[in-house]
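S.K.: Residue numbers (this note's numbering), protein chains in the order written: chain A, 12 to 389; chain B, 61 to 379.
All residues carry an ideal CB built from backbone N, CA and C; glycine is no exception.
Note that the coordinates shown come from a computational prediction; the quantities given were computed from them, not determined experimentally.
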Amino acid sequence: MDLNFTDTEAQFRAECREWLQANVPTGLPSGDTHEGFALHLEWERTLFDARYAVVSWPEQYGGRGATAMEWLIFEEEYYRAGGPQRVTQNGIFLLAPTVFDFGTDAQKDHILPRMARGDDLWAQGWSEPGAGSDLAGIQSKAVRDETAGGWRLSGQKTWTTRGAFCTHLFGLFRSDPTAERHRGLTYFLVPLDTDGVTVRGFGRLDGDEGFAEVFLDDVFVADDAVLGGVDQGWSVAMATAGVERGLTLRSPGRFLAAADRLVDLYRSVGDAADDRLRDDVVKAVIDAEAYRWQTFLTVTRMLEGESTGSESSMTKIFWSEMDVRIHATALGLLGPDAELDGPWMKGYQFALSGPIYAGTNEIQRNVIAERVLGLPRK
Amino acid sequence: MRFAFTEDQLAFRDAVRDLLANECPPAVVRAAWEGAGRAPGAWSALAEMGVLGAMAPESAGGLGLSVLDLVLLAEEAGYAALPEPFVEHAMVAVPVLPDPAAAAAGEVTATAAIGAPFVPFGADADLVLLDDDDAVVCTARGGFTARPIDGVDASRRLATVTFDEAEIVGDAGALAAAFDRGALGTAAQLIGVTRRMLDLTVDYVKDREQFGVPIGSFQAVKHHLADARIALEFARPLVYRAAWSLATGDPDAAVHVSMGKSLASDAAELTSTKTLQAHGAMGYSFEYDLHLFMKRAWAWAGSWGDAPWHRARVGRAVL
Chain A
12 MDLNFTDTEA QFRAECREWL QANVPTGLPS GDTHEGFALH LEWERTLFDA RYAVVSWPEQ
72 YGGRGATAME WLIFEEEYYR AGGPQRVTQN GIFLLAPTVF DFGTDAQKDH ILPRMARGDD
132 LWAQGWSEPG AGSDLAGIQS KAVRDETAGG WRLSGQKTWT TRGAFCTHLF GLFRSDPTAE
192 RHRGLTYFLV PLDTDGVTVR GFGRLDGDEG FAEVFLDDVF VADDAVLGGV DQGWSVAMAT
252 AGVERGLTLR SPGRFLAAAD RLVDLYRSVG DAADDRLRDD VVKAVIDAEA YRWQTFLTVT
312 RMLEGESTGS ESSMTKIFWS EMDVRIHATA LGLLGPDAEL DGPWMKGYQF ALSGPIYAGT
372 NEIQRNVIAE RVLGLPRK
Chain B
61 MRFAFTEDQL AFRDAVRDLL ANECPPAVVR AAWEGAGRAP GAWSALAEMG VLGAMAPESA
121 GGLGLSVLDL VLLAEEAGYA ALPEPFVEHA MVAVPVLPDP AAAAAGEVTA TAAIGAPFVP
181 FGADADLVLL DDDDAVVCTA RGGFTARPID GVDASRRLAT VTFDEAEIVG DAGALAAAFD
241 RGALGTAAQL IGVTRRMLDL TVDYVKDREQ FGVPIGSFQA VKHHLADARI ALEFARPLVY
301 RAAWSLATGD PDAAVHVSMG KSLASDAAEL TSTKTLQAHG AMGYSFEYDL HLFMKRAWAW
361 AGSWGDAPWH RARVGRAVL
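(1) Using a C-beta to C-beta distance shorter than 8 Å, which residues of chain B count as neighbours of Y302(A)?
(2) So, using beta-carbon positions, are A92(A) and V35(A) closer together than 8 Å?
(3) Give a yes or no on whether the minimum CB-CB distance between V274(A) and chain B is below 8 Å.
(4) Starting from M325(A), find everything on chain B with Cβ-Cβ shorter than 9 Å and list it in chain order.
(5) Quick one: which residues of the segment 303-314 of chain B get their C-beta closer than 7 Å to a C-beta of chain A? List them in chain order.
(6) Can you check whether the C-beta of Q279(B) is within less than 8 Å of a C-beta belonging to chain D?
(7) Run through chain B and tell me which residues come within less than 7 Å of K294(A), C-beta to C-beta.
(8) Look up Q158(A) in the DSSP assignment and say whether it is helix, strand or coil.
(9) Straight-line CA distance for L146(A) to S138(A)?
(10) Tell me the residue span of the beta strand (DSSP E) that contains F389(B).
(11) Kindly indicate which three-state DSSP category R207(B) falls into: helix, strand or coil?
(12) To which residues does DSSP link I228(B) through a beta bridge?
(13) When you compare only the Cα positions, how much space is there between Q118(A) and F48(A)?
(14) Return the first residue and the last residue of the beta strand (DSSP E) that A372(B) is part of.
(15) Checking the sheet assignment: what are the DSSP bridge partners for L183(A)?
(16) In the DSSP assignment, find the alpha helix (DSSP H) that holds T333(B) and state where it starts and stops.
(17) In angstroms with no decimal places, state the Cα-to-Cα distance between W162(A) and F231(A).
(18) Whole angstroms are fine: how far does the CA of D43(A) sit from the CA of D219(A)?
(19) Which residue's Cα is closest to the Cα of R163(B): T199(B), G202(B), G113(B) and G124(B)?
(20) Run the CB neighbour count on S144(A), radius 10 Å, all protein chains shown included, and call it buried at 16 or more, exposed below.
(21) Kindly list the residues whose CB is nearer than 7 Å to the CB of P158(B), restricted to its own chain and excluding five residues on each side of it in sequence; keep chain order.
(22) Given that F329(A) touches chain B, what residues does it touch there, using C-beta distances under 9 Å?
(23) Listing by chain order, which chain A residues have their CB less than 9 Å from the CB of A248(B)?
(24) Give every residue of the same chain whose Cβ lies closer than 6 Å to the Cβ of W54(A), excluding the five residues on either side of it in the sequence, and list them in chain order.
(25) Going by DSSP in three states, R62(B) sits in which element: helix, strand or coil?
(26) Compute the beta-carbon to beta-carbon distance between Q305(A) and E293(B), rounded to the nearest angstrom, for a pair I have assumed lies under 8 Å.
(27) Let me make sure I understand the geometry here. Which of T254(B), C84(B), V281(B) and E118(B) has the alpha-carbon closest to that of P143(B)?
(28) Indicate whether at least one CB of chain A lies closer than 8 Å to the CB of S215(B).
(29) In the DSSP assignment, the alpha helix (DSSP H) including Q118(A) goes from what residue to what residue?
(30) Can you check DSSP and say which residues form a bridge with L238(A)?
(31) Where does R173(A) fall in DSSP's three states?
(32) Quick check on G166(A) - is its C-beta less than 8 Å from some C-beta in chain B?
(33) With 7 Å as the C-beta to C-beta threshold (strictly closer), list the residues of the segment 365-385 of chain A near chain B in chain order.
(34) Give the interface partners of D290(A) over in chain B, defined as CB-CB distance under 9 Å, in chain order.
(35) In chain order, what residues of the segment 112-130 of chain A put their CB closer than 9 Å to some CB of chain B?
(36) So what's E269(B) in DSSP terms, helix, strand or just coil?
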């Protein structure tokens, strides 16, 4: 065990810190509105130009080949500097790992650099009106078109985060109409400007247009729009699901920064006589540290070749419920000011989505019980 | 950054795990409840393996190891609910005794209580370490009076101790360090006993059938146990990290210990209620083993500082 960072890691942290402190924009509006999204995209391109957009990717695709530890360090420094949530996250954190694992060389060369530069913006097309937590209930279809050498996609995707601002969609479609549930699905990559695609943005809980419905009406895509094998979509998608639930979407740095902001808030408005709120603030600090060190423990195991699959469900539950507690505590500290439309109330509403998206926490608890503890499915 | 134990540390852990599986099964804990008081077979085997004196220098017959080497062993003592003052002897007393040879060899049993009204195994021990006037004092059999008092866990026998004669064995700094070793070791034991309650319950709910299916297939039961497993998952790293900080002299080590102990206490208490509920009436019966571990969890959760006490200490440092 050596819990000190290596010289290389410490130097990487210092470089990140210096650049981020000097360059992180302040006062950006929400990235889930049309005008805000454009400003966030500018920030993404600034990150890319300084090679900080995708530090863990190989250099040939725009990264720095950073180790998993270095990526965690980058994330800590990013959020410590006050960096905004990444509007590119669903591409760089959810799709990209799947492209690295399942993509052809041609797909990697085409998709990844454009994603890193922010030229293509990817939305996730999994959920449907009838398929949420029960993702295997997907009904959108992919029909083979032999003459044209491709596929025709039809159906409806929904709850598509930032779908109204994105240029591309990755999603699951039923390619074998005779197969049921998780069999016979294929993972497709679809440009949203293709004929037959209609995108309709709609408001989230906080009113921002962060959601979209995507309607596909006989949309033609060529064979190279398939990621992984035909009818193999479920296992390809599950690789992404593990990534989404686990580390990459919400790394510890984000919550360490949130806990720091909560401590600052306590120092400025906290009532020293209120022991309960003080205790809640301390709990938030400890929880954020627990997530940080659990991550270092897990990443060490990963780097040493151990598999850490379904444990990502524990991570997802922990950070999402911690995030709600951090924000609820902040609102408690704010007292009558809590109802004002400020950053903590905005953040609270966003935090409330955490136990729902990326697989509800009820489903995650089933996964933990069945795959970590070994309880029977039925 | 490499957050993992060494092969040697894991091998020592495995050896102690095997030893305790043989020498301290639930029947031994139950025997301690029913009058035996302690687990002499396990205790002498641990002495023979070098565990009790592991933190003593080699010149005193020890292994010259640190709390980082002991933390996994304390976890195993917790898993077994070993009815002995394991942490108090091996992690609190041995490192501070001026001549630890007899304790290292297991010829005498030491216990300790710092800032606490009750001494675990106070009436059974040969040496008792206490705090007095901002120092660590050691009183030997003959020099103190121990009055047994009933605790919730009869296999961790409590006593109040008053002494006529005691030797100062450590200054204020040694006192603070001894307290932190006690809190750390107890946190590790809590991690172990939490694992034990979960293991016992997972086995039970896979086996027990109602409505024609194992009760472990019901979501309500699954979610109870998932919550306990999550609490364990996120408490354990802070306990290991605190061990590293204490062993390497990190200036924030006390805060790290408090973070670990508070989460370990909370995880154990949560797991005790979740596993009791998952067992139904079976868990509520005295003949079934769960209560042996639950009561130990309650006792340890409150000793060496309970969760609110440790959070208050963290609060003084960070707020």
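M.R.: Judging by the given coordinates:
(1) The residue you call residue 302(A) lines up with position 291 of the first sequence. Contact of Y302(A) with chain B by beta-carbon distance below 8 Å involves F294.
(2) The count along the first sequence starts at 1 and reaches residue 92(A) at position 81. The count along the first sequence starts at 1 and reaches residue 35(A) at position 24. V35(A) sits close to A92(A), with the two beta carbons spaced by under 8 Å.
(3) For the purposes of this step, residue 274(A) is taken as residue 263 along the first sequence, with counting starting at 1. Output row for V274(A): interface = yes.
(4) Residue numbering aside, residue 325(A) sits at position 314 when the first sequence is read from its first letter. Result: A286, R289, I290, E293 and F294.
(5) The residues in question are W304.
(6) Among the protein chains of the structure shown, namely A and B, there is no chain D.
(7) For this step, residue 294(A) is matched to residue 283 along the first sequence. Under the 7 Å cutoff, chain B gives R371.
(8) What you label residue 158(A) is simply residue 147 of the first sequence in a count that begins at 1. A small fix is needed here, since residue 158(A) is Thr in this sequence, not Gln. If DSSP states are grouped into helix, strand and coil, T158(A) belongs with coil.
(9) One-based indexing of the first sequence puts residue 146(A) at position 135. One-based indexing of the first sequence puts residue 138(A) at position 127. Their Cα atoms are separated by approximately 7 Å.
(10) In this structure chain B extends from 61 to 379, so residue 389(B) is not present and cannot be described.
(11) Indexing the second sequence from 1 puts residue 207(B) at position 147. Strand.
(12) Indexing the second sequence from 1 puts residue 228(B) at position 168. V197(B), per the DSSP bridge assignment.
(13) To locate residue 118(A), count along the first sequence from 1; it is residue 107. To locate residue 48(A), count along the first sequence from 1; it is residue 37. Using only the alpha carbons, I get a separation of about 26 Å.
(14) Walking along the second sequence from the start, residue 372(B) turns up at place 312. From DSSP, A372(B) is part of no beta strand (DSSP E) but of the alpha helix (DSSP H) over A367 to V378.
(15) Here residue 183(A) is taken as the residue at index 172 of the first sequence, counted from 1. Looking at the DSSP assignment, L183(A) forms a beta bridge with Y198(A).
(16) To locate residue 333(B), count along the second sequence from 1; it is residue 273. First-last of the alpha helix (DSSP H) with T333(B): A313 to H339.
(17) One-based indexing of the first sequence puts residue 162(A) at position 151. One-based indexing of the first sequence puts residue 231(A) at position 220. When rounded, the distance between both Cα atoms is 6 Å.
(18) Translated into positions along the first sequence, residue 219(A) becomes position 208. Translated into positions along the first sequence, residue 43(A) becomes position 32. Annotation: D219(A) to D43(A) spans about 6 Å, alpha carbon to alpha carbon.
(19) Stepping through the second sequence from its first residue, residue 163(B) is reached at position 103. Correcting the residue identity first, residue 163(B) is Ala in this sequence and not Arg. Taking only the C-alpha atoms, the option nearest A163(B) is G113(B).
(20) Position 133 of the first sequence, counted from the start, is the residue given in the question as residue 144(A). Looking at its Cβ environment, which holds fewer than 16 other Cβ atoms inside 10 Å, S144(A) is exposed.
(21) Position 98 of the second sequence holds residue 158(B). If we look at P158(B) and ignore the five residues flanking it on each side, its Cβ neighbours are V229.
(22) Residue 329(A) sits at position 318 when you count from the first residue of the first sequence. From the beta-carbon of F329(A), the residues of chain B found nearer than 9 Å are I290, E293 and F294.
(23) Within the second sequence, numbered from 1, the residue matching residue 248(B) stands at position 188. Chain A residues near A248(B): none, gap ~15 Å exceeds 9 Å.
(24) Here residue 54(A) corresponds to residue number 43 of the first sequence, with the count starting at 1. Same-chain partners within the cutoff: P36.
(25) As a working note, residue 62(B) is residue 2 in the second sequence. Strand, per DSSP.
(26) Taking the first sequence and counting its residues from 1, one reaches residue 305(A) at position 294. Taking the second sequence and counting its residues from 1, one reaches residue 293(B) at position 233. Contact flag correct, Cβ pair sits at about 6 Å.
(27) In the second sequence, the residue the question calls residue 143(B) occupies position 83. Ranking the options by Cα distance to P143(B), first place goes to C84(B).
(28) On the second sequence, position 155 is the one that residue 215(B) refers to. Under the 8 Å criterion on CB atoms, S215(B) is classed as non-interfacial with respect to chain A.
(29) In the first sequence, the residue the question calls residue 118(A) occupies position 107. In the DSSP assignment, Q118(A) falls within the unbroken alpha helix (DSSP H) covering D116 to R128.
(30) Residue 238(A) sits at position 227 when you count from the first residue of the first sequence. Paired residues: Y198(A).
(31) Position 162 of the first sequence, counted from the first residue, corresponds to residue 173(A). Coil at R173(A), not helix or strand.
(32) Taking the first residue of the first sequence as 1, we reach residue 166(A) at position 155. Answer no: the Cβ-Cβ gap between G166(A) and chain B never drops below 8 Å.
(33) Flagged, chain order: R376, N377, I379, A380, V383, L384 and G385.
(34) Stepping through the first sequence from its first residue, residue 290(A) is reached at position 279. Close partners of D290(A) in chain B (Cβ separation under 9 Å): P368, R371, A372 and G375.
(35) Contact annotation: in the segment 112-130 of chain A, no residue has its CB less than 9 Å from a CB in chain B.
(36) Working through the second sequence from its first residue, we reach residue 269(B) at position 209. Three-state DSSP puts E269(B) in a strand.
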